[in-house]
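Numbering (UniProt numbering), first residue to last: 1 to 111. Only one structure is covered here, and it is reproduced in the block below.
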């Protein structure tokens, strides 16, 4: 079994520096992997590959810190279950959408 069954990639634009610090403080002490987060300007980037990622805890901590103008998306890929959920973020709202990995990868296979 691979140790990189979960992959998470994405960004959120509109998170101010004080929001980023509050996010880190809110996640501190949990089993969350802080080193997968990078904040540059007002953009939060997420890049993670490993055995687990607490997506619900992450979103619960992040959403209240965002302004109404925030936007972004985060892709949560579970290789073991062979599924992907795309979380689209607009302001403090998030919309999850299940995406068929076979159809996503099929596009690359045909190139």
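Even for Gly, the Cβ is constructed at its ideal location relative to N, Cα and C.
Asked	Found
Determine the burial state of residue 21: buried for a count of at least 16 other Cβ atoms within 10 Å of its Cβ, exposed for fewer.	exposed
Going by C-alpha distance, which of 78, 85, 95 is nearest residue 6?	78
Just to check my reading of the structure: residue 13 and residue 72 have Cβ atoms closer than 8 angstroms, yes? What is that Cβ distance to the nearest angstrom?	6 angstroms
Where does residue 34 fall in DSSP's three states?	helix
Pull up the distance between the alpha-carbon of residue 41 and that of residue 50, whole angstroms please.	27 angstroms
DSSP three-state call for residue 42: helix, strand or coil?	coil
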